Amino acid sequence: MSAIVRLTRAAVVALTFVAAVAAAFASPAAARPLPTVVLVHGAFADTTSWDGVAANLRGRGYPVVVPENPLRGPAYDAAAIEKTVAGIRGPVVLVGHSYGGAVISNVHNPNVRSLVYVAAFAPAQGEPVQLALDPVRFPGSQLVPPALQVKVVDDAHAIGGKNIDAYIAADAFHRVFAPDVSDATAATMLAHQRSIAVWANLEPSGPVSWSNTPSWYLVSANDTVIPPASQRFMAGRIHAHTTEVAASHVSLVSQPAAVADVIAAAAAGI
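If you use mature numbering (1 follows the signal peptide of the UniProt record, and there is no 0), the sequence shown corresponds to residues -26 to -1, 1 to 244, in order.
Now the structure itself:
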């Protein structure tokens, strides 16, 4: 083999190696795994409320975790979600619906790179979520008696083993909570309804994670639980990337693709 041929082959090998290295460094995003999405449900619901959104995101390749939210109070519930987040390697997009927004606001973990609020409470430090339902500043919520009911429940974490929980009356659930889903879907959601400790709405928030974490907010423009004006106020206060959807309080059920799009945008921002 001539010296020229050997030199040419060596040059080709070298150029191929350089090109491969350059390509690897030119597109680091392609080599990075997608962040894990953690979906936190709100009051009067359970993990199944996220089924449509979770399926959509998994179809896009995102790992998705849907933990149980105890619905006992922001501090207690945030500690439960913290345990879930602590077991995840890599970056996390933490998403909260309704009361779940108060919970994710109290989660502090460096792996959480983005917060997403879906028709959710985003309280300031020292503020209970009930302030966001102030009928003077933000009229329009239909989540009032007799639609809103209370009952005594067993609660191992409460003094005396009992607590007072709130829930939505069966005859008002579809009309107030989920007016834009079918009768069959509303019936399924009602069967999965979980009550929330009344104290959860009155407990002052601790230091808030949205103060130093990029946030996204999806306003439900037809919401009859958290008035849209309240949602817009909270979204502006936390300087969130804000969009709106023509949906009820349960946009995650009635329009899961729109909700998934906002979560994907938050993930892309990491």
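All C-beta atoms, glycine included, are put in the ideal place defined by N, C-alpha and C.
Keep in mind the model is a prediction, meaning the values are calculated, not measured.
- When His71, Pro230 and Gly16 are compared, the shortest CA-CA separation from Arg46 is found for Gly16.
- Within 10 angstroms of the beta-carbon of Ser225 lie 16 or more other beta-carbons, which makes it buried.
- As summarised for the segment 43 to 101, the continuous alpha helix (DSSP H) elements at least 4 residues long and confined to that stretch are 48 to 60 and 74 to 78, given in chain order.
- Apart from the 5 residues on each side of it in sequence, Thr159 sits with its Cβ closer than 7 Å to the Cβ of Val227 in its chain, given in chain order.
- Taking the CA atoms as reference points, Trp173 sits about 21 Å from Tyr91.
- Scanning its chain for C-beta atoms nearer than 8 Å, with the 5 sequence neighbours on each side dropped, one finds around Ala239 the residues Trp190 and His215, in chain order.
- Here His131 is exposed: its Cβ has fewer than 16 other Cβ atoms, across all protein chains shown, within 10 Å.
- Between Gly26 and Leu89, the alpha-carbon positions lie close to 19 Å from each other.
- Inter-segment contact for the segment 94 to 106 and the segment 199 to 216 is present: three or more beta-carbon pairs are separated by less than 8 Å.
- Residue pairing by DSSP puts Gln123 in a beta bridge opposite Tyr141.
- In the structure shown, Ala160 adopts helical secondary structure according to DSSP, grouped into three states.
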